[in-house]
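Engineer: Can you keep this structure in mind? I'll have questions shortly.
Numbering (the numbering used here), first residue to last: 29 to 797.
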């Protein structure tokens, strides 16, 4: 979604694009390594042939090859899970050939540093094991941390195979579909209650320790197995004589200590590993070389698809970004987290391109029937320009029949449409394997879409700037800072002159990837409840921060996605403050827009007056929203609100106060970086920076004076404390189209912006309220 340019290939044809680019690089003399031995292999893949197979124009193939080969650091990635087809290994080989001719092997591509999870069974072996279950040769089956009854294809027949096993024991933490069919369920500890470790990749060993006591009557699976061995007695009990799994773990880590730090005392090594969460050492990448003889054995053929019929669409079933394969579906804060691209919560949906939707007479929210040779499902459609016109994309993750109150019987899953197909070379499961028919049912099911529009209608909410203009703007800002090093950002004025602090935030749109981690972190830190699908349909969601997604530029591939975190702007001239009849919201000496819960009477005037729509009215009782054991996740440092009050972002004021109290005790001011709100702490790309705008040396102050800075709806003169940094793109056409769109007020009719009204006197506003 953050790509400068989207070039959509025909599904399953990515290998030919890679080979075509590799041929262009070798043929034009752009290769950075000797590649004469590849000439014969690549000869058939001319730009014209590749265009025919991929539907990517020949001139674009040559252009991409030139840019890829000339880049200082380039990297080609193979297709992910959703695009893994029956010939996926050959596709990965093609991608590695492209990386090789561009000189990336040993630089951006390093072998031998991948996951080191031990031996993992392939999908082929899972199928063979299922057949063994059906034959009745397995007398005891132990199932731990997997849910094959839900995730495996229906035609594999795993559920029927379980009935042939005399004793099935599940160590599930949740009564899922597989555990429901087990003869015995021995609930495992939650990961936060248990010891464990994980060898993630060579040189990296993660160590997990319990951070809370068990909530329920559970027992760690490893301790269950140790208890069984003690009951067996004899040689088995003598071999596994540890009192509990904690001691097993310590003994295992003695061996790790001998390998990675042989001269160190183990107790010191163990204490350090507990404190750091593991241990890691640098491991050199493996030296690899091109093997032309092996390459000649690879067949680069288009993958086969089931259900090839006229008018059919290629099915793309992709893992849900939050629920993954469904294992996160029982967590309400993930269910209510809107998808970063479609902004849909609590549901699955079928993504259909606008051109295909017009042909079928489908609108967003129309229920469609999707049929494949393996089965059929019904889902609401979502008309979306981010898919090809010949594909239908559906997220995996919903469709549980037994997985707790928040996931059971919710929506449908595309797993019912997929055959038990695999890549013949690796044995891995193939997902991009079938075509489907799409038809209207005549029914409608509104989707809880937590965003009003896909574009900002020229109001300069999400701004894009090309690389050249961004460099020029940053150079100008740098010179300005050098000439006036003590100058402050404009928003620094909006606090009491006697206060040393004006808290503010800078958000870099080029770094934000729309993952919504900040949304979950904010909700858990500040006791924000989830409200459910019905209330989301009424737009009564409660999240204090949201990630708006805007499409900027033209249609199809000529547009760019901008993710914009939106939260209370803590305005210096806040429209919400003068209209509150009871002074529940006011401006404190440090520039924060404060909300006093026990003073609020719920008039919602403040929400009506907020142009950013970031204030939330609480419609709900506390008890139904935090049923046991969810009440255990409440933060004791933050008030738990009840219905009838207005809520919003506080910049995690509890963390601000804690840092100020510590600084006061030490006889100093708060240091830059000492206060980190939950959203900034959790952001994986560090797109959010918080600090004191009155400190000219603070990072947030410097960013607020940078060349890419802007404020959302700046013309309203609300003087926000949040500075946004424009999205930077290499695609000058998109940047130009976005700027033109903004100058002309958008391409569609939009209500005119209201003129900023003079701020009324506080007394008059109170009287009017």
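We treat Cβ as the ideally placed atom computed from N, Cα and C, and that holds for glycine. All values reported here derive from a predicted model rather than from experimental measurement.
Give me the Cα-Cα distance between residue 325 and residue 118, rounded to the nearest whole angstrom.
Structural biologist: Locating residue 325 in the chain shown gives position 297, counting from the first residue. Locating residue 118 in the chain shown gives position 90, counting from the first residue. Going from the Cα of residue 325 to the Cα of residue 118 covers about 10 Å.
Engineer: What are the uninterrupted segments assigned as beta strand (DSSP E) that are 3 or more residues long and contained completely in the segment 475 to 561, given in chain order?
Structural biologist: Entirely contained in the segment 475 to 561, the beta strand (DSSP E) runs reaching 3 residues are, in chain order, 492 to 494, 531 to 536.
Engineer: State yes or no: is the C-beta of residue 673 within less than 7 Å of the C-beta of residue 636?
Structural biologist: For the purposes of this step, residue 673 is taken as the residue at position 645 of the chain shown. For the purposes of this step, residue 636 is taken as the residue at position 608 of the chain shown. Contact: no.
Engineer: Going along the chain, which unbroken runs of the alpha helix (DSSP H) with 4 or more residues stay wholly within the segment 340 to 366?
Structural biologist: You should have 360 to 363.
Engineer: Report yes if the C-beta distance between residue 698 and residue 554 is below 7 Å; otherwise report no.
Structural biologist: In the chain shown, residue 698 corresponds to position 670, counting from 1. In the chain shown, residue 554 corresponds to position 526, counting from 1. No, these two residues do not count as a Cβ contact at 7 Å.
Engineer: Could one say the Cβ of residue 254 lies closer than 7 Å to chain B's Cβ atoms, at least one of them?
Structural biologist: Considering every chain present, this structure includes no chain B. It has just one protein chain.
Engineer: Expressed to the nearest angstrom, what Euclidean distance is found between the alpha-carbon atoms of residue 239 and residue 683?
Structural biologist: Residue numbering aside, residue 239 sits at position 211 when the chain shown is read from its first letter. Residue numbering aside, residue 683 sits at position 655 when the chain shown is read from its first letter. Distance between the alpha carbons of residue 239 and residue 683 is about 21 Å.
Engineer: With residue 398 and residue 378 assumed to form a contact (beta carbons below 8 Å), what rounded beta-carbon distance in angstroms separates them?
Structural biologist: On the chain shown, position 370 is the one that residue 398 refers to. On the chain shown, position 350 is the one that residue 378 refers to. About 6 Å; that satisfies the 8 Å criterion.
Engineer: Let me know if residue 168 comes out buried or exposed under the rule of 16 or more other beta-carbons within 10 Å of its beta-carbon.
Structural biologist: For the purposes of this step, residue 168 is taken as the residue at position 140 of the chain shown. Label assigned to residue 168: exposed.
Engineer: Report the rounded CA-to-CA distance for residue 561 versus residue 373, giving the unit in angstroms.
Structural biologist: Locating residue 561 in the chain shown gives position 533, counting from the first residue. Locating residue 373 in the chain shown gives position 345, counting from the first residue. Cα to Cα, residue 561 sits roughly 7 Å from residue 373.
Engineer: By alpha-carbon positions, which one of 442, 725, 371, 558 ends up nearest to residue 410?
Structural biologist: Position 382 of the chain shown, counting from 1, holds the residue named residue 410. Looking at the Cα atoms, 371 is the closest of the given residues.
Engineer: Compute the distance between the beta-carbons of residue 110 and residue 451, then report whether it is under 7 Å.
Structural biologist: Here the question's residue 110 lines up with position 82 in the chain shown. Here the question's residue 451 lines up with position 423 in the chain shown. For residue 110 and residue 451, no; Cβs fall outside 7 Å.
Engineer: Fully enclosed by the segment 578 to 602, which beta strand (DSSP E) runs are 3 residues long or longer?
Structural biologist: Those beta strand (DSSP E) runs which fall completely within the segment 578 to 602 and span 3+ residues are 587 to 594.
Engineer: What three-state label does DSSP hand residue 321 in the structure shown?
Structural biologist: Translated into positions along the chain shown, residue 321 becomes position 293. Residue 321: helix per DSSP, three-state reduction.
Engineer: Report yes or no: do the segment 524 to 539 and the segment 619 to 631 share at least 3 C-beta pairs separated by less than 8 Å?
Structural biologist: The segment 524 to 539 is in contact with the segment 619 to 631.
Engineer: Using DSSP bridges, identify the partner residues of residue 308.
Structural biologist: In the chain shown, counting from the first residue as 1, residue 308 sits at position 280. Residue 308 is bridged to 232.
Engineer: Buried or exposed for residue 262, going by 16 or more other Cβ atoms inside 10 Å?
Structural biologist: In the chain shown, counting from the first residue as 1, residue 262 sits at position 234. Residue 262 comes out exposed.
Engineer: Provide the residue span of the beta strand (DSSP E) that contains residue 640, from first to last.
Structural biologist: One-based indexing of the chain shown puts residue 640 at position 612. No beta strand (DSSP E) holds residue 640; DSSP gives it neither H nor E.
Engineer: Quick check: the segment 627 to 644 against the segment 685 to 697, are there 3 or more CB pairs under 8 Å?
Structural biologist: At 8 Å Cβ cutoff, the stretches do not touch.
Engineer: On the DSSP letters alone, give me the boundaries of the alpha helix (DSSP H) that residue 118 sits inside.
Structural biologist: Counted from its first residue, the chain shown places residue 118 at position 90. Its alpha helix (DSSP H) spans residues 116 to 129.
Engineer: Just grab the DSSP bridge partners of residue 107 for me.
Structural biologist: The count along the chain shown starts at 1 and reaches residue 107 at position 79. Partner(s): none; residue 107 has no beta bridge.
Engineer: Give the range of the alpha helix (DSSP H) segment to which residue 156 is assigned.
Structural biologist: Taking the chain shown and counting its residues from 1, the one referred to as residue 156 is at position 128. Counting along the chain, the alpha helix (DSSP H) containing residue 156 begins and ends at 151 to 163.
Engineer: Excluding the 5 residues flanking residue 664 on each side, which residues of the same chain have their C-beta closer than 7 Å to its C-beta?
Structural biologist: Numbered from its first residue, the chain shown carries residue 664 at position 636. Answer for residue 664: no residue qualifies.
Engineer: Just checking my contact of residue 413 with residue 381 at CB under 8 Å: how many whole Å lie between their CB atoms?
Structural biologist: The count along the chain shown starts at 1 and reaches residue 413 at position 385. The count along the chain shown starts at 1 and reaches residue 381 at position 353. With 8 Å as the limit, residue 413 and residue 381 qualify as a contact, their Cβ atoms being about 7 Å apart.
Engineer: Going by Cα to Cα distance, which pick from 749, 256, 189 is closest to residue 522?
Structural biologist: Position 494 of the chain shown, counted from the start, is the residue given in the question as residue 522. Of the listed residues, the one whose Cα sits closest to residue 522 is 749.
Engineer: Tell me whether the segment 199 to 217 and the segment 465 to 472 touch, counting them as touching only if at least three CB pairs, one residue from each stretch, are closer than 8 Å.
Structural biologist: No contact exists between the segment 199 to 217 and the segment 465 to 472.
Engineer: Rounded to the nearest angstrom, what separates residue 633 and residue 744 at their Cα positions?
Structural biologist: For the purposes of this step, residue 633 is taken as residue 605 along the chain shown, with counting starting at 1. For the purposes of this step, residue 744 is taken as residue 716 along the chain shown, with counting starting at 1. Those two C-alpha atoms are separated by around 18 Å.
Engineer: Here's the rule I'm using: 16 or more other beta-carbon atoms within 10 Å means buried, otherwise exposed. How should residue 515 be labelled?
Structural biologist: Position 487 of the chain shown, counted from the first residue, corresponds to residue 515. Residue 515 is exposed by the Cβ-count criterion.
Engineer: Roughly how many whole angstroms lie between the Cα atoms of residue 775 and residue 767?
Structural biologist: Counting from 1 along the chain shown, the entry for residue 775 is found at position 747. Counting from 1 along the chain shown, the entry for residue 767 is found at position 739. Any reading at residue 775 must be qualified, since the residue scores a pLDDT of 40, below 50, and its modelled position is unreliable; no value is offered.
Engineer: Please tell me whether residue 125 and residue 50 are closer than 7 Å, where the distance is taken between their beta carbons.
Structural biologist: Within the chain shown, numbered from 1, the residue matching residue 125 stands at position 97. Within the chain shown, numbered from 1, the residue matching residue 50 stands at position 22. Against a cut-off of 7 Å, the Cβ pair of residue 50 and residue 125 comes out as a contact.
Engineer: What three-state label does DSSP hand residue 454 in the structure shown?
Structural biologist: Numbered from its first residue, the chain shown carries residue 454 at position 426. Three-state DSSP puts residue 454 in coil, outside helix and strand.
Engineer: Does the segment 330 to 338 come close enough to the segment 64 to 76 that 3 or more CB-CB pairs lie under 8 Å?
Structural biologist: No contact exists between the segment 64 to 76 and the segment 330 to 338.
Engineer: How many angstroms separate the CA atom of residue 390 from the CA atom of residue 339?
Structural biologist: The count along the chain shown starts at 1 and reaches residue 390 at position 362. The count along the chain shown starts at 1 and reaches residue 339 at position 311. Distance between the alpha carbons of residue 390 and residue 339 is about 15 Å.
Engineer: Residue 719 lies in the beta strand (DSSP E); which residues open and close that run?
Structural biologist: For the purposes of this step, residue 719 is identified with residue 691 of the chain shown, where counting begins at 1. From DSSP, the beta strand (DSSP E) with residue 719 extends over 716 to 720.
Engineer: Would you check if the distance between the CB atom of residue 354 and the CB atom of residue 362 is smaller than 7 Å?
Structural biologist: Residue numbering aside, residue 354 sits at position 326 when the chain shown is read from its first letter. Residue numbering aside, residue 362 sits at position 334 when the chain shown is read from its first letter. Result no, Cβ atoms of residue 354 and residue 362 do not sit closer than 7 Å.
Engineer: Quick check on residue 398: does DSSP put it in helix, strand or coil?
Structural biologist: As a position in the chain shown, residue 398 is number 370, starting the count at 1. The answer is strand: DSSP assigns residue 398 an E or B state.
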